[in-house]
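All residue numbers for the sequence shown refer to the working numbering, where the first residue is 78 and numbers rise by one.
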Amino acid sequence: MRAVGVRFKKAGKIYYFDPGFLELKPGDGVVVETVRGMEYGSVVTGPVEVTAEAGSLKPVLRRATEEDVRQALGNREKERQAFRICQEKIAAHGLPMKLIGVDYTLDGSKIIFYFTAEGRVDFRHLVRDLAAVFKTRIELRQVGVRDEAKMLGGIGPCGRELCCGTWLCEFAPVSIRMAKGQNLALNPAKISGICGRLMCCLRYEARNYGEEEAEFDEDEGRTE
Numbered sequence: 078m079r080a081v082g083v084r085f086k087k088a089g090k091i092y093y094f095d096p097g098f099l100e101l102k103p104g105d106g107v108v109v110e111t112v113r114g115m116e117y118g119s120v121v122t123g124p125v126e127v128t129a130e131a132g133s134l135k136p137v138l139r140r141a142t143e144e145d146v147r148q149a150l151g152n153r154e155k156e157r158q159a160f161r162i163c164q165e166k167i168a169a170h171g172l173p174m175k176l177i178g179v180d181y182t183l184d185g186s187k188i189i190f191y192f193t194a195e196g197r198v199d200f201r202h203l204v205r206d207l208a209a210v211f212k213t214r215i216e217l218r219q220v221g222v223r224d225e226a227k228m229l230g231g232i233g234p235c236g237r238e239l240c241c242g243t244w245l246c247e248f249a250p251v252s253i254r255m256a257k258g259q260n261l262a263l264n265p266a267k268i269s270g271i272c273g274r275l276m277c278c279l280r281y282e283a284r285n286y287g288e289e290e291a292e293f294d295e296d297e298g299r300t301e
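The structure is reproduced here in structure tokens:
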């Protein structure tokens, strides 16, 4: 069935929606219904055929209006205010957690707070406090260190902006074998990103090195 790919954040994951009778193209703003609520996003892939059962994809509700765009921009300011208030509440409760981001749904029916922590955190009282302040549904979501780096952005050891914060949509597994296969020094400081995990870019060249090694082994085995 036909679907359009929609992204909600820079370098965010692409989700597919049923465009119905709308003629949409990359760059168009749209309003869609997600599991989180009504959200504003941008079309990044035009109509493509995807393998999905009819009715399994959520529909694009409408092409974004000027009011939708204003609402989305207004939510960015609300998110900054919510971030500050939540930080104050976290400090007041003495919770061992680090707030890293806030998302408002387009219609303001839900606010999602993202945080990192070394272990489980009992934030029930914090949720009640936030609900009393904002008068809407509150969700606190714990994320890992790689997601933290993606959300906050930064400069990698290479001196360029982080791949995960600029174009890398999803994380793929990275292993120490990939570094070994490229004959890199196995110094944690040399092969780790600012998140403290193995750099995602170790994966980029792993396949090429594997192919070159296979070709080398094949050549070595030939006889005239």
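We put the beta carbon where it would ideally sit given N, CA and C, even for glycine.
Quiz item: Terminal residues of the continuous alpha helix (DSSP H) containing Phe-160?
Solution: 143-170
Self-check item: Distance CB(Thr-193)-CB(Val-146) smaller than 8 Å
Solution: no
Quiz item: On the premise that Ala-80 lies in contact with Leu-134, defined as a C-beta separation below 8 Å, what is that separation, rounded to the nearest angstrom?
Solution: 6 Å
Quiz item: By Cβ distance below 7 Å, which residues in the same chain neighbour Glu-282 in space, the five residues on each side in sequence not counted?
Solution: Gln-259
Quiz item: Can you give, in chain order, each stretch of the alpha helix (DSSP H) that sits fully within the segment 190-235 and has at least 4 residues?
Solution: 201-211, 222-229
Quiz item: Ends of the alpha helix (DSSP H) at Gly-242?
Solution: 240-243
Exercise. Quickly, what does DSSP pair Thr-128 with across the bridge? List them, please.
Key: Beta-bridge pairing links Thr-128 to no other residue.
Quiz item: Apart from the five residues on each side of it in sequence, which residues of its chain come closer than 8 Å, Cβ to Cβ, to Gly-196?
Solution: Pro-173
Self-check item: Rounded straight-line distance, which links the Cα of Tyr-92 to that of Ala-226
Solution: 21 Å
Quiz item: When the Cβ atoms of the segment 239-252 are set against those of the segment 260-278, are three or more pairs found closer than 8 Å?
Solution: yes
Practice problem: Quick one: grab the DSSP three-state call for Glu-110. | Solution: strand
Quiz prompt | Backbone CA spacing between Ile-268 and Asp-184 [nearest angstrom] | solution = 43 Å
Quiz item: Going along the chain, which residues of its own chain have a beta-carbon closer than 8 Å to the beta-carbon of Val-83, five neighbours each way excluded?
Solution: Ile-91, Tyr-92, Tyr-93, Phe-94, Val-107, Val-109, Gly-118, Ser-119, Val-120, Val-121, Val-137
Exercise. Find the nearest neighbour of Ile-215 within the set Pro-234, Tyr-181, Gly-231, Gly-233, judged by alpha-carbon distance.
Key: Tyr-181
Practice problem: Give the range of the beta strand (DSSP E) segment to which Lys-175 is assigned. | Solution: 175-181
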